[in-house]
Each structure stands twice: as structure tokens, then as C-alpha cells.
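Colleague: First the structure, which I've put down as C-alpha cells, then a few questions once you've had a look.
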Amino acid sequence: VWSDNEQEVIAAGELAGSAELEVLQDKAEHRRVIVLVPTSDVSHHQLELPKTAQRSWQQVAPFMLEEQLAQDPDSLHICLLDKGKETIDVACVS
């Protein structure tokens with residue numbers, strides 16, 4: 001974690017799992033956060049959105065992915081990569 005006030009790194013390291021991210025929450029507050037994850041933990045999906053769900057992709061995507069992934073959608077972090085007129089590209093981090 002970089003401190004603009006102190007002009008130095010105030011925290012660094014490696015976490016055993018995503019559950020440990022809460023420990024860094026207070027240090028990362030209001031800062032840009034960059035997280036590196038192994039590519040083996042990321043999957044890419046293109047989803048065709050129903051016309052009624054164009055604006056609320058965040059609510060619809062987990063349920064659409066549930067059929068494609070053998071995981072509970074609540075255990076995933078879903079990032080929007082690109083949004084077209086009828087489709088979205090998302091990355092899922094497990």
C-alpha cells in the first residue's frame with residue numbers, strides 16, 4: 001500500500017486467500033487498488049443479456065454464470081470487461 005502522505009510503501013506482501021483482504025481494507029480506503037491474481041483463478045465469459053436486463057447486468061450476470069460454472073456465484077468476483085448492445089464480456093475471479 002502506497003502512502004501519498006509518507007511517499008513510501010506502508011504495507012506489502014502476499015495473502016493466503018481473498019478472505020484476508022479485509023485486513024487491508026482500512027489501509028486501502030480511498031486509494032486505487034491493484035490486485036494480481038493467478039490466471040488459473042480467472043475465467044472469461046461473454047453473456048447475452050436479456051433486453052430487460054441491459055442496465056442491471058450486475059444482478060443478472062451471477063445467475064447466468066451459475067449454469068456455466070461449477071461454483072456458487074456469490075463466491076466469485078465479477079468484473080465487467082466490455083459492454084455491447086446485447087452482450088457483455090466479464091471476467092470471473094474465484
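Counting with UniProt numbering, you get residues 1 to 94 for the letters of the sequence shown. Note that beta-carbon positions come from the ideal geometry of N, C-alpha and C, so glycine has one too.
(1) Quick check on L36: does DSSP put it in helix, strand or coil?
(2) Which full runs of the beta strand (DSSP E) of 3+ residues lie inside the UniProt domain "GspL cytoplasmic actin-ATPase-like" (1-93), going along the chain?
(3) Is it the case that the segment 44-51 contacts the segment 16-26, given that we only count it when at least three CB pairs across the two stretches are under 8 Å?
(4) Determine the contact status of Q46 and T87, defining contact as a CB-CB distance below 8 Å.
(5) Taking 8 Å as the cut-off, does the segment 33-47 touch the segment 55-70 (at least 3 CB pairs, one atom from each stretch)?
(6) So V42 and V90 are supposed to be a Cβ contact under 8 Å. How far apart are they, rounded?
(7) Nearest to D4 by CA position, among E29, T39, V37, is which residue?
Modeller: On the basis of the data shown:
(1) Note: L36 maps to coil in three-state DSSP.
(2) Scanning the UniProt domain "GspL cytoplasmic actin-ATPase-like" (1-93) from its first residue to its last, the whole beta strand (DSSP E) runs of 3-plus residues come out as 42-48, 77-83, 87-93.
(3) Between the segment 16-26 and the segment 44-51, the count of Cβ pairs shorter than 8 Å is below three; the stretches do not touch.
(4) The answer is yes: Cβ separation under 8 Å.
(5) They touch, by the three-pair rule.
(6) Separation of the CB atoms of V42 and V90 is rounded to 11 Å, and the pair is thereby denied contact status at 8 Å.
(7) It is E29 whose Cα lies nearest to the Cα of D4.
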